[in-house]
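Everything below concerns the one structure shown next.
Numbering (the numbering used here), first residue to last: 19 to 91.
Structure follows, in structure tokens:
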């Protein structure tokens, strides 16, 4: 595992320390988890942007989707 050094604003460090105390986890665990969640969200966002930019990916009409899935038979 690699080591990375970062500089944080004091308020972030205070909030991180509060999370450490509340969760009984190390700073490193909380930071790793936060980065993992951020990168997962980033990946999801990148996929969505790629799909929006793809002219072959169909755009759905909300009213049509609603009728197909929410209206009674």
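By construction, the Cβ of each residue, glycine as well, lies at the ideal position given by its N, Cα and C atoms.
Computed from a predicted structure; not experimentally measured.
Start-to-end residues for the alpha helix (DSSP H) that takes in residue i
{"i": "residue 64", "result": "45–71"}
{"i": "residue 78", "result": "Looking at the DSSP string, residue 78 is not in any alpha helix (DSSP H), and its letter there is neither H nor E."}
Residue i in three-state terms, based on DSSP
{"i": "residue 31", "result": "helix"}
{"i": "residue 26", "result": "coil"}
Nearest candidate by alpha-carbon position, reference residue i, set the options
{"i": "residue 31", "options": "48, 84, 21 and 71", "result": "48"}
{"i": "residue 22", "options": "39, 53 and 70", "result": "53"}
Nearest-angstrom Cβ-Cβ length linking residue i and residue j, presumed shorter than 8 Å
{"i": "residue 34", "j": "residue 45", "result": "6 Å"}
{"i": "residue 69", "j": "residue 75", "result": "5 Å"}
Chain B contact for residue i (CB, 8 Å cutoff)
{"i": "residue 48", "result": "Protein chains in the displayed structure number just one, and chain B is not present."}
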